[in-house]
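When we follow my numbering, the leftmost residue of the sequence shown carries the number 593, and every step to the right adds one.
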Amino acid sequence: MRVSVPATIANFGPGFDVFGLCLEKPRDFIRVKLSDEIEVKVEGYKVPEEPDKNVASVSALSLLRQAGVESGFKMKIKKGIRPKSGLGSSGASALGGALAVARLLDIDDKEIILRAALEGEKVASGSPHGDNIVPALFGGFVVLKSLFPLEVFKIDAKLKLVVILPEVEVSTKRAREVLPKHVPLSDAVRNLALASSLVLALENGDIEEVGKLLDDYLAMPYRKPLIPWFDKIRKAALENGAYGVSISGSGPAVFALGENLDEIGRAIVGAFEEERINAEYFISKVGGGAE
């Protein structure tokens, strides 16, 4: 069984651990065949091949346990999403491992698949959050109300965005560790207003308004020390026509909405270069999810 799972943008501005957007590209490709032994081979970006450390194999093993099936597997992973990029790399592989085994066993229960995929995600990030896995599975823009029971609201958003990927790493685990247990009530209220307005703007197809709402008071203020260059690249993007800019997941990838996405992408790459950080950009539509 061969599956492909796309990159995703978690949080999408004010929607910490709740909003997620599926991209069309890049993607991870995972091929699984049931076997008496367990073997993992990886090409592309380097990730562990040990079955207990690779998120895809951990997810696959979890799915087999849930199904009560005693079997091993041979897994080949073509890793197209850079690890620690902020584009849901671990979530894509985790979902791919679970989804491939589920399809081999004719299991289509999304809760079972997600439960297995979250076991893999936990290995990478230290916590089983679903804001990358869920949009990768469903496609489009999703609002994750609850994982168990699974309650997801989906918007088939029609937009393009530019994603800029600098050559620095931000550990998801570290980015979650710096977050406080409590935030000021005023910040929570501001985020609630932003998130509610953003959903309405997406429903109305008002992409310029969506861009203006890409702000956050729950995570961004506390993650700034991990991304000291953000204010500079945000300024460059806005000066070159971006409607709004935000961090993808915990970073370092950033994304922007606007009219001339190539111009915005070049401007942000230039701002990174002024900080002596190499970067590249690509433009993507909203994707339809795992295949």
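Backbone N, C-alpha and C define an ideal beta-carbon position, used for all residues, glycine too.
query	result
Contact under 8 Å by Cβ, residue 617 with residue 598	yes
The region 605 to 622 contacting the region 717 to 734, beta-carbon criterion three pairs below 8 Å	yes
Distance between residue 669 and residue 697 (C-alpha atoms, nearest Å)	19 Å
Rounded C-alpha distance that separates residue 861 from residue 626	44 Å
Residue 716 vs residue 652 beta-carbon contact at 8 Å	no
Inter-residue spacing [alpha-carbon to alpha-carbon] between residue 639 and residue 811	27 Å
Rounded straight-line distance, which links the Cα of residue 666 to that of residue 594	12 Å
Reduced DSSP secondary structure (H/G/I, E/B, other) of residue 822	helix
Complete runs of the beta strand (DSSP E) confined to the region 810 to 875 [at least 3 residues]	834 to 839, 846 to 850
Beta-carbon spacing of residue 733, residue 846 below 8 Å	no
Beta-carbon gap between residue 680 and residue 728 smaller than 8 Å	yes
Where residue 701 falls: helix, strand or coil (DSSP)	coil
Extent of the continuous beta strand (DSSP E) run through residue 612	611 to 627
Cut-off 6 Å between Cβ atoms - residues of its own chain near residue 746, not counting five sequence neighbours on either side	730, 732, 734
Whole-angstrom distance between residue 630 and residue 808, CA atom to CA atom	43 Å
Cα-Cα separation between residue 833 and residue 875, rounded to whole angstroms	15 Å
Assigned exposure category for residue 868 - 16 Cβ within 10 Å defines buried	exposed
Beta carbon of residue 683 nearer than 8 Å to that of residue 600	yes
Alpha-carbon spacing of residue 761 relative to residue 826, whole angstroms	18 Å
Simplified DSSP state of residue 727, which is helix, strand or coil	helix
Option in 795, 790, 828, 647 with minimal Cα separation from residue 803	790
Bridge partners - residue 604, DSSP secondary structure assignment	Answer is none; residue 604 lacks a bridge partner.
Beta-bridge pairing of residue 740 - partner residues as DSSP gives them	Residue 740 is not bridged to any residue.
When 673, 851, 841, 820 are compared against residue 831, the one with the closest alpha-carbon	851
Local Cβ density within 10 Å of residue 620, reported as buried at 16 or more and exposed below that	buried
Range covered by the alpha helix (DSSP H) that runs through residue 765	764 to 769
Cβ-based burial, residue 836 [other Cβ within 10 Å; buried from 16]	buried
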